[in-house]
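All remarks here apply to the structure that follows.
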Amino acid sequence: MVEQPRRGGFTVNRRRLLTGSAAALATSAALTQCARGQPATDASGFGTEVEPFHGVHQGGIATPPQAHALFIALDVQPQTGRTPRDTVAAILRLWTADGARLTQGQPALADTEPELAHRPARLTVTVGLGPALFDRIGLAHLRPATATELPEFRTDRLEPRWSGGDLLLQICADDPVVVAHASRVLLKNVRTMTTRRWRQSGFRDARGSDASGATMRNLMGQIDGTVNLTDSAAFDRHVWDHGDSQPWFAGGTILLLRRIRAEMDTWDQIDRESKELAVGRRLDNGAPLTGRQEFDEPDFTAHVNGIPVIPPNSHIALARHRTEDEQFLRRPYNFDDPPPDGQTTDSGLIFATYQRDPATQFVPVQQRLADADALNEWITTIGSAVFAVLPGVDADNEYLGQRLIESD
-6 MVEQPRRGGF
4 TVNRRRLLTG
14 SAAALATSAA
24 LTQCARGQPA
34 TDASGFGTEV
44 EPFHGVHQGG
54 IATPPQAHAL
64 FIALDVQPQT
74 GRTPRDTVAA
84 ILRLWTADGA
94 RLTQGQPALA
104 DTEPELAHRP
114 ARLTVTVGLG
124 PALFDRIGLA
134 HLRPATATEL
144 PEFRTDRLEP
154 RWSGGDLLLQ
164 ICADDPVVVA
174 HASRVLLKNV
184 RTMTTRRWRQ
194 SGFRDARGSD
204 ASGATMRNLM
214 GQIDGTVNLT
224 DSAAFDRHVW
234 DHGDSQPWFA
244 GGTILLLRRI
254 RAEMDTWDQI
264 DRESKELAVG
274 RRLDNGAPLT
284 GRQEFDEPDF
294 TAHVNGIPVI
304 PPNSHIALAR
314 HRTEDEQFLR
324 RPYNFDDPPP
334 DGQTTDSGLI
344 FATYQRDPAT
354 QFVPVQQRLA
364 DADALNEWIT
374 TIGSAVFAVL
384 PGVDADNEYL
394 GQRLIESD
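Sequential numbering from -6 applies to the sequence shown in the working numbering.
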């Protein structure tokens, strides 16, 4: 063994350094885990869990929400010697092949960092098409009737940098490293065929920080999403398209993605009671003001001294469905980005909702909220996009959207 000279005449034996460092690191890790009350070997399986890729529906919709999400909108670019439909087909083939492998903990075929793929942490990859793309690829007659742009609501202050898009790539996982790796793999192979329109990152409660299935909190401190769809019958009625107007779309759904900025600086200035009256729920446990627990049924007829306990313009009073159709799946994520100059915060909610028909499910609810919601003083919708989320694929030899792309 050659002793390597160092400054000041000190020498180090390379083998002794490496073996000693490895032992020291192992001892330190074991001591750290013991100090935290954890076993030195993690047998929980966390990080190795997988969500299915193949099926009637794409993952990332009925999937229990993961801790981290990335939503990316892309616009398709003209290609020499290739039609727009051929370009979209090439993109969808790539995303299907890579998504099928990455979600199962396998490196993509051209993965230059394959080690990052082995712990998928419930990774899902979900793909959608913007309404205008159907015209560009010559398939306007096959666009689902429900895939149309939303009306602009009175309180909207939409910014182009957060709105629209030809293609949606939704990537969710319990580990942000997995999300980052998957996005790089899925985007680098399509960089010559697309340009990025916007990119939105979101997060929910970290895995294990709350009881499994607990309702998330948004950054305004509210429990967010108490009233939601949970069972297969509700999904079948309110989320999944049945192919009635476009048979190829059976198993798909419509995603509305709304970027809602929270005016945190002014929200911080009001007292707790005022916040609860604006929402209609208690901040500590999410119970309606007429109840004691989160899932208690609100009593909108209750009065004290002639004054409604839950104000009629509170968020829950207006968001509550008035008909059976006014229900949809909520799968929101918080965002907290570096603020622009002159602002102290840039926080809010990436409000992702999935439904069969936004015109009968989402629009009536949002119209009531835009007209009178007590929360409007502290929230502003600054981005909006609509996507037809493609049906799933049942076999390895099928790619996402193939039934649409190869239609005559």
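Quick reminder that beta carbons are idealized off the backbone N, C-alpha and C, glycines included. Keep in mind that this is a model prediction, so the values were computed, not measured.
CB of residue i within 8 Å of CB of residue j, strictly
i, j, result
"F64", "L161", "yes"
"D350", "S340", "no"
"G157", "R112", "no"
"H50", "G385", "yes"
"W260", "W371", "yes"
"G98", "A90", "no"
"G38", "F46", "no"
"T402", "V379", "Outside the displayed range of the chain (-6 to 401) lies residue 402, so it cannot be described from this structure."
Span separating the alpha-carbon of residue i from that of residue j
i, j, result
"A312", "R361", "7 Å"
"E290", "P281", "7 Å"
"Y326", "R252", "10 Å"
"I419", "T185", "Outside the displayed range of the chain (-6 to 401) lies residue 419, so it cannot be described from this structure."
"F196", "D237", "35 Å"
"L276", "R265", "8 Å"
"L24", "E108", "Any reading at L24 must be qualified, since the residue scores a pLDDT of 37, below 50, and its modelled position is unreliable; the value itself is stated next. Approximately 26 Å, taken between the alpha carbons."
"A57", "N306", "The identity of residue 57 in the sequence shown is Pro, whereas the question assumes Ala. Rounded to whole angstroms, P57 to N306 spans 31 Å at the Cα level."
"V43", "P301", "48 Å"
"R86", "P124", "20 Å"
"A425", "A83", "With the chain running from -6 to 401 in the structure shown, residue 425 is simply not present."
"D364", "E256", "18 Å"
Helix, strand or coil at residue i [DSSP, three-state]
i, result
"A55", "coil"
"L11", "Below a pLDDT of 50, predicted positions are generally treated as unreliable, and L11, at 40, falls in that range; the measurement from the model is reported next regardless. L11 falls in the helix class under three-state DSSP."
"S176", "helix"
"D91", "helix"
"T208", "coil"
"H50", "coil"
"L397", "helix"
"N369", "helix"
"I263", "coil"
"P154", "The amino acid at residue 154 is misidentified as Pro; the sequence shows Arg. If DSSP states are grouped into helix, strand and coil, R154 belongs with the helices."
Same chain, Cβ closer than 6 Å to residue i, five either side skipped, listed in chain order
i, result
"D149", "T374"
"T139", "I247 and D350"
"D168", "A114"
"A199", "A60"
"G30", "The predicted model places G30 with a pLDDT of 36, which falls under 50 and marks its position as unreliable, so this point remains unresolved."
Neighbourhood of residue i by C-beta, 7 Å cutoff - its chain only, sequence neighbours within 5 removed
i, result
"A55", "F228"
"R396", "W241"
"H235", "A243"
"N298", "none"
Same chain only: Cβ atoms within 8 Å of residue i, ignoring 5 sequence neighbours per side
i, result
"Q286", "N278 and A280"
Please give me, in chain order, every unbroken run of the beta strand (DSSP E) with length at least 3 that falls completely inside the region 104 to 131. 117 to 122
Every unbroken alpha helix (DSSP H) inside the region 277 to 365 [4 residues or more]: 308 to 312, 351 to 354 and 356 to 365
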